[in-house]
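Numbering (my numbering), first residue to last: 373 to 645.
For each residue, glycine too, the CB sits at the ideal point set by N, CA and C.
Note that the structure is predicted; figures quoted are calculated from it, not measured.
For reference, the structure discussed in these notes is given below.
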Ligand code: ADP
Ligand code: MG
């Protein structure tokens with residue numbers, strides 16, 4: 373299967389096209405300020421891993437990047453197009469469902485809980501999205517769904533129901549469902565956190581393969597080993613802001629921020645338990 377959004381191999385990361393641009397992003401839930409001014413650029417073929425303590429706003433940040441949660445301030449642009457709002461004069465007014473769908477059609481999402489339909493087979497789960505969102509006819513949807521399942525190593529499980537699949541396999545179906553839409557970027561929210569430890573590797577393996585093929589990805593994760601190995605950029609969030617951003621070496625070997633140092637120490641002492 374061809375990936376859209378070709379890797380611009382040969383270009384320095386900083387010269388590649390910006391796929392997602394987040395500027396001064398804020399988000400409140402009632403009186404609670406969850407995101408407090410976030411700036412981030414995700415470039416073509418870049419893998420950005422987002423780490424940070426529970427409750428720091430990582431999921432909300434990711435959801436705002438796809439406008440599953442409407443953000444309250446700042447802006448998010450996908451491939452140069454404003455997401456969620458339309459600029460008219462000095463005002464931003466909400467986009468219609470149709471406009472919104474158009475801007476985010478190239479953004480895929482994979483969640484911690486795979487959200488598969490239990491009454492549909494793996495094939496049907498993947499094909500459904502293609503029929504509804506890309507308006508493909510059944511036959512073509514099934515064909516592309518099979519290709520996506522093969523890509524995540526589940527070509528032989530197409531007719532299994534979720535209950536007949538392990539957690540790792542279910543998450544791979546969810547990745548196939550995202551991939552089948554031929555996204556230009558995929559956002560992952562703790563894709564391995566709900567899995568038994570022995571099933572984590574197969575999901576990370578699929579993500580590694582996507583990264584190597586040049587897929588652009590933003591990944592909220594607690595898998596520090598994966599982040600250290602696969603990320604181009606690691607972002608540390610706490611209390612709704614980015615406290616430090618850098619290469620895996622900078623973040624994991626020479627962290628500067630005290631909260632980050634503390635977070636990594638806690639993680640290391642747990643990992644040794
Ligand atoms: P993380 O993913 O880093 O654990 P979240 O983004 O899930 O953090 O949550 C950040 C904060 O926002 C938490 O205090 C959480 O309780 C709050 N929050 C998240 N979603 C909602 C919501 N739908 N309504 C109200 N508060 C929310
Ligand atoms: Mg979360």
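(1) For residue 401, count neighbouring C-beta atoms within 10 Å of its own C-beta (all shown protein chains included) and say buried if the count is 16 or more, exposed if not.
(2) Would you say the beta carbon of residue 432 is closer than 6 Å to some non-hydrogen atom of ligand 1?
(3) Taking the beta strand (DSSP E) that residue 614 belongs to, which residues open and close that run?
(4) Mapping DSSP to helix, strand and coil, what is residue 477?
(5) Please report how far the alpha carbon of residue 375 lies from the alpha carbon of residue 644, in whole angstroms.
(6) Put residue 429 into one of helix, strand or coil per three-state DSSP.
(7) Can you pull the DSSP bridge partners for residue 629?
(8) Under 8 Å: do the stretch 626-642 and the stretch 577-591 share three or more Cβ pairs, one atom per stretch?
(9) Nearer than 6 Å: is that true of the beta carbon of residue 482 relative to any heavy atom of ligand 1?
(10) Output the boundary residues of the beta strand (DSSP E) element that contains residue 408.
(11) What does the Cβ neighbour count give for residue 465, buried or exposed, with the cut at 16 atoms within 10 Å?
(12) Which value, in whole angstroms, describes the spacing of the CA atoms of residue 599 and residue 422?
(13) Counting Cβ pairs, one atom from each stretch, are 3 or more of them under 8 Å apart for the stretch 565-575 and the stretch 502-517?
(14) With a cut-off of 8 Å, do at least 3 Cβ pairs link the stretch 509-527 to the stretch 583-599?
(15) Using a threshold of 7 Å, state whether the C-beta atoms of residue 346 and residue 433 are closer than that.
(16) Considering only the beta carbon of each residue, do residue 392 and residue 414 sit closer than 7 Å?
(17) Would you mind reading off the limits of the alpha helix (DSSP H) that contains residue 505?
(18) Give me the Cα-Cα distance between residue 606 and residue 613, rounded to the nearest whole angstrom.
(19) What is the DSSP secondary structure of residue 449, reduced to helix, strand or coil?
(20) Let me confirm a value: residue 509 is counted as buried when at least 16 other C-beta atoms fall within 10 Å, else exposed. Which label applies?
(21) What do you reckon, is the C-beta of residue 406 under 6 Å from a heavy atom of ligand 1?
(22) Contact defined as beta carbons within less than 8 Å: I believe residue 524 pairs with residue 537. What is the distance between those atoms, to the nearest angstrom?
(23) Taking the continuous alpha helix (DSSP H) assigned at residue 598, which residues delimit it?
(24) Start and end of the beta strand (DSSP E) containing residue 399?
(25) With a cut-off of 8 Å on the beta carbons, I'd call residue 543 and residue 563 a contact; round off their distance for me.
(26) Using only the alpha-carbon positions, how far apart do residue 638 and residue 587 sit?
(27) Evaluate residue 418 with the Cβ neighbour count: other Cβ atoms within 10 Å of its Cβ, from every protein chain shown; 16 or more gives buried, anything less gives exposed.
(28) Is the distance from the Cβ of residue 431 to the Cβ of residue 610 below 7 Å?
If we stick to the structure as given:
(1) In the chain shown, the residue the question calls residue 401 occupies position 29. Looking at its Cβ environment, which holds fewer than 16 other Cβ atoms inside 10 Å, residue 401 is exposed.
(2) Taking the first residue of the chain shown as 1, we reach residue 432 at position 60. Under cutoff, so the answer is yes.
(3) If you number the chain shown from 1, residue 614 lands on position 242. Run containing residue 614: 613-618, per the beta strand (DSSP E) assignment.
(4) By 1-based counting over the chain shown, the position of residue 477 is 105. Residue 477: coil per DSSP, three-state reduction.
(5) The count along the chain shown starts at 1 and reaches residue 375 at position 3. The count along the chain shown starts at 1 and reaches residue 644 at position 272. Only weak support exists for where residue 375 lies, its pLDDT of 47 falling under 50; the value from the coordinates is given anyway. The straight-line gap from Cα to Cα measures roughly 39 Å.
(6) As a first step, residue 429 must be located in the chain shown, where it is residue number 57. The answer is coil: DSSP assigns residue 429 none of H, G, I, E or B.
(7) Here residue 629 is taken as the residue at index 257 of the chain shown, counted from 1. DSSP lists no partner for residue 629.
(8) no
(9) The residue you call residue 482 lines up with position 110 of the chain shown. Residue 482: no, Cβ never under 6 Å from ligand 1.
(10) Along the chain shown, read from residue 1 onward, the residue named residue 408 stands at position 36. Taken as a continuous stretch (DSSP letters only), the beta strand (DSSP E) holding residue 408 covers 404-415.
(11) Here residue 465 is taken as the residue at index 93 of the chain shown, counted from 1. Result: exposed.
(12) Along the chain shown, one-based indexing puts residue 599 at 227. Along the chain shown, one-based indexing puts residue 422 at 50. So the alpha carbons of these two residues sit roughly 9 Å apart.
(13) no
(14) no
(15) Look at the range of the chain in this structure, 373 to 645, and you will see that residue 346 is not part of it.
(16) Stepping through the chain shown from its first residue, residue 392 is reached at position 20. Stepping through the chain shown from its first residue, residue 414 is reached at position 42. Taking a C-beta distance under 7 Å as the contact criterion, residue 392 and residue 414 qualify as a contact pair.
(17) Indexing the chain shown from 1 puts residue 505 at position 133. Element bounds for residue 505: 494-505.
(18) On the chain shown, position 234 is the one that residue 606 refers to. On the chain shown, position 241 is the one that residue 613 refers to. In a straight line, the C-alpha of residue 606 is about 14 Å away from that of residue 613.
(19) One-based indexing of the chain shown puts residue 449 at position 77. Reduced to three states, the DSSP call for residue 449 is strand.
(20) The residue given as residue 509 occupies position 137 in the chain shown. Classification of residue 509: exposed, given that the 10 Å Cβ count is below 16.
(21) Along the chain shown, one-based indexing puts residue 406 at 34. It does: the Cβ of residue 406 is within 6 Å (strictly closer) of some heavy atom of ligand 1.
(22) As a working note, residue 524 is residue 152 in the chain shown. As a working note, residue 537 is residue 165 in the chain shown. Actually they are not in contact, since the Cβ atoms of residue 524 and residue 537 sit about 12 Å apart, beyond 8 Å.
(23) Translated into positions along the chain shown, residue 598 becomes position 226. From DSSP, the alpha helix (DSSP H) with residue 598 extends over 596-602.
(24) As a first step, residue 399 is located in the chain shown; it is residue number 27 there, counting from the start. Unbroken beta strand (DSSP E) run through residue 399: 390-401.
(25) Here the question's residue 543 lines up with position 171 in the chain shown. Here the question's residue 563 lines up with position 191 in the chain shown. That belief holds up - the Cβ atoms of residue 543 and residue 563 are roughly 6 Å apart, short of 8 Å.
(26) As a working mapping, residue 638 is identified with position 266 in the chain shown. As a working mapping, residue 587 is identified with position 215 in the chain shown. Residue 587 has its alpha-carbon roughly 31 Å from the corresponding atom of residue 638.
(27) In the chain shown, the residue the question calls residue 418 occupies position 46. Counting Cβ neighbours within 10 Å, residue 418 comes out buried, since at least 16 surround it.
(28) Sequence index remark: in the chain shown, residue 431 carries index 59 (1-based). Sequence index remark: in the chain shown, residue 610 carries index 238 (1-based). Their beta carbons are not under 7 Å apart, which means residue 431 does not touch residue 610 by this criterion.
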